[in-house]
């Protein structure tokens with residue numbers, strides 16, 4: 012089960028940087044390139060690291076990505092842990 016949402020203290024530029032780190036793995040999983048990959052909304056939760064749920068615009072389509080950022084002392088890369096394709100502009104970002 013997921014804990015409460017964390018306060019949204021990150022800027023969209025910081026969230027875009029996190030999304031950019033998992034763009035290539037997502038492209039590999041979907042076997043296509045995403046020339047447009049713009050983070051437009053996010054929520055996060057902190058439990059032994061931080062999980063981000065980010066809505067990303069890809070041309071006229073949207074994808075929701077789940078990204079895990081481990082604690083700094085663990086020195087692990089940001090990881091794409093799940094994603095949902097074929098989302099719309101109005102679809103709310105939720106835990107999945």
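Numbering (our numbering), first residue to last: 12 to 107. Built from N, CA and C at the ideal position, the CB exists for glycine as well. Predicted, not measured: the structure shown is a model, and the values here were computed from it.
Extent of the continuous beta strand (DSSP E) run through residue i
i, result
"residue 91", "90-98"
"residue 80", "72-80"
Residue i vs residue j beta-carbon contact at 7 angstroms
i, j, result
"residue 67", "residue 76", "yes"
"residue 69", "residue 51", "no"
"residue 73", "residue 98", "yes"
"residue 91", "residue 78", "yes"
"residue 38", "residue 45", "yes"
Status (buried if at least 16 other CB within 10 Å, exposed otherwise) for residue i
i, result
"residue 30", "buried"
"residue 12", "At residue 12 the pLDDT is 48, less than 50, meaning the model places this residue with poor confidence and gives no usable figure here."
"residue 82", "exposed"
Where the alpha helix (DSSP H) through residue i begins and ends
i, result
"residue 30", "23-32"
Those residues which DSSP pairs with residue i across a bridge
i, result
"residue 55", "63"
"residue 101", "Beta-bridge pairing links residue 101 to no other residue."
Contact with chain B by residue i, beta-carbon distance below 7 angstroms
i, result
"residue 50", "This model lacks chain B altogether, as it is built from one protein chain only."
Own chain partners of residue i with C-beta closer than 8 angstroms, once the 5 adjacent residues on each side are dropped
i, result
"residue 26", "50, 53, 63 and 65"
"residue 85", "60"
Beta-carbon contacts of residue i that lie in its chain and below 7 angstroms, excluding the five residues immediately before and after
i, result
"residue 100", "73"
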